[in-house]
Every structure is written in C-alpha cells, then in structure tokens.
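Below is one structure, written out as structure tokens; the observations come after it.
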Amino acid sequence: MRRLRNRSASLIEFAKIILRKKYECEDSFYDNISTLNSFCKTITSGGTPNRGNHKYWHPNDINWLKNGEIKNNIIVNTEESISKLGFSESSTKLIPANSVSMAMYCVSDIQVSFNTIPLCTNQAVINLITDDLKKSIFLYYLLMIFGNYITTQANGSAQQNLSKDILNTFEFKIPRLEAPLFSYLEKNIALRTCITKEINTLVKIKESILSTLTY
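Residue numbers for the sequence shown follow the working numbering, so the first one is 31 and each next one is one higher.
Here is the structure:
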C-alpha cells in the first residue's frame with residue numbers, strides 16, 4: 031500500500047508542476063480571467079442530518095462526506111452515509127460526481143478533493159460544481175497549487191475559515207479546454223482513481239484478515 035500511496039503522491043506532484051509551468055510561463059495557453067463564481071455552475075456548502083434520529087442515518091442510501099476526509103485526494107467512497115429521509119429533512123445537498131470539494135476549516139494548506147461519486151457533505155465543506163469534467167479537473171489541481179494564497183485571505187486566527195465570499199472573488203486565468211494538457215490531467219485523475227480503489231480494497235482485505243485472528 032505504501033508503494034501505491036507514493037505513486038499517487040507522485041502523480042499529484044507531476045500534475046501540479048506541469049500546470050504551474052503552463053500557468054506561469056505560457057500566456058497563449060489561456061483565454062481570459064474569471065472568478066470562481068463565474069467559472070462554476072454552483073458553489074454550495076452542505077449540512078448534517080440530526081444524529082439523534084436513527085432513521086436519518088439508516089439505511090445507507092447516500093454517501094456523506096465530512097471535511098476531515100478531504101485531504102487533496104480522490105473520493106471513491108465515504109466513511110458515512112445518510113438515508114433518503116435524512117437527505118430530504120436536512121440542509122445538505124446532493125453534489126454530482128466529478129465535482130470538487132474544499133474543507134472550510136484549515137490550519138495552513140487548503141484541502142481539496144475530487145469526487146468521482148455523487149454525494150452529500152457536511153456544512154464545513156464547500157462544493158464547487160462545474161458543467162464540464164475538464165473544468166473540474168483543472169479546478170482541482172489549480173486549487174491545490176494556489177491554495178495557500180486563498181487561505182491567506184481567510185478569516186480567523188488559530189483556525190483559518192474559508193467562506194463562499196472569499197472563493198467567489200478568487201480570480202484566475204482560464205485555459206482553453208481543448209489544450210493537450212487536459213488529456214494528461216484526465217489520465218492523471220483516472221489513474222489516481224484506480225490506485226485509490228486498489229488501496230481501499232487492500233485495506234478492507236487487511237481488516238478482514240485481522241478480524242479473524244484470535245489471540
């Protein structure tokens with residue numbers, strides 16, 4: 031598993047290096063400047079069903095993502111799920127697959143996830159939904175590259191608190207989506223998704239074996 035995790039980390043760094051080089055050195059790679067609010071179809075936070083109501087959490091109908099699970103990673107499943115009743119009677123929202131989520135509370139570096147599945151999130155997560163897979167992939171890596179800048183704009187002292195207002199006004203250059211770079215970024219995401227699924231499978235096998243051991 032360590033080898034797989036190292037490979038995934040290397041893929042992240044390769045993508046960030048390539049995108050940063052394009053972003054900083056090739057002006058012809060971009061069309062114009064936009065804000066996140068204009069670039070995204072929707073920017074929204076989530077919500078948490080009442081944990082005191084068992085029916086809100088069973089059966090496990092809808093994946094539900096917590097901010098603590100967001101670690102610049104690929105989301106293929108979540109630690110918890112909520113029921114359809116919990117969804118309908120809470121403020122959480124259904125976020126489509128191929129979206130990007132950000133943890134609102136971070137001490138230093140921003141934490142982002144690329145979601146390969148539909149899910150809901152808690153209120154400490156900001157979800158960025160675009161109308162194109164390429165846009166979401168670009169946004170995911172862009173936010174990892176420039177995350178530290180965004181966190182310096184956050185409010186708070188010991189804990190940095192991101193808000194929709196801060197994200198809405200973040201400006202960046204928009205690339206032409208037909209650029210060859212996006213083919214690489216899509217393959218990068220696809221490969222990291224496969225690695226993530228393989229790691230999760232190995233973790234489950236390990237836990238199953240450990241549960242059968244007697245002392």
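Ideal placement from N, C-alpha and C gives every residue a C-beta, glycine not left out.
Where residue i falls: helix, strand or coil (DSSP)
i: Ala127; result: coil
i: Asp195; result: helix
i: Thr108; result: coil
i: Ser238; result: helix
i: Met174; result: helix
i: Phe69; result: helix
i: Ala133; result: strand
i: Thr146; result: coil
i: Ser166; result: helix
i: Ala188; result: Caution applies to Ala188, whose pLDDT of 44 falls short of 50 and renders its modelled position unreliable; the model cannot decide the point.
i: Glu208; result: coil
i: Glu119; result: coil
i: Ile92; result: strand
i: Leu232; result: helix
i: Ser64; result: strand
i: Phe202; result: strand
i: Ser113; result: coil
i: Leu158; result: strand
i: Asn97; result: helix
i: Thr74; result: strand
i: Asn103; result: strand
From the options, residue whose alpha carbon lies closest to that of residue i
i: Met134; options: Asp61, Tyr53 and Ile196; result: Ile196
i: Leu49; options: Ser213, Thr160, Gln153 and Leu243; result: Ser213
i: Asn145; options: Lys85, Ser166 and Tyr53; result: Ser166
i: Asn97; options: Thr151, Leu163 and Leu169; result: Thr151
i: Met31; options: Leu172, Leu243 and Lys234; result: Lys234
i: Tyr53; options: Lys194, Thr242, Ser238 and Tyr171; result: Tyr171
i: Gln153; options: Leu173, Asp162, Ile180 and Lys194; result: Lys194
i: Ile147; options: Asp162, Glu110, Val106 and Asn178; result: Val106
i: Ile272; options: His88, Met174 and His84; result: The structure shown does not extend to residue 272, since the chain is modelled only from 31 through 245, so no value can be given for it.
Anticipated Cβ contact below 8 Å, residue i with residue j, distance rounded
i: Val142; j: Val155; result: Going by Cβ atoms, the distance from Val142 to Val155 rounds to 10 Å, so no, they are not a contact pair.
i: Pro205; j: Ile159; result: 19 Å between Cβ atoms; not a contact.
i: Lys164; j: Leu207; result: 5 Å
i: Asn93; j: Thr108; result: 4 Å
Beta carbon of residue i nearer than 8 Å to that of residue j
i: Gly76; j: Thr122; result: yes
i: Leu95; j: Glu228; result: no
i: Ile112; j: Asp139; result: no
i: Thr78; j: Ser118; result: no
i: Ala45; j: Asn157; result: no
i: Ser64; j: Thr226; result: no
i: Arg222; j: Ile104; result: yes
i: Leu115; j: Tyr86; result: yes
i: Leu215; j: Phe176; result: no
i: Ile42; j: Asn128; result: no
i: Tyr60; j: Lys203; result: yes
i: Met132; j: Leu211; result: no
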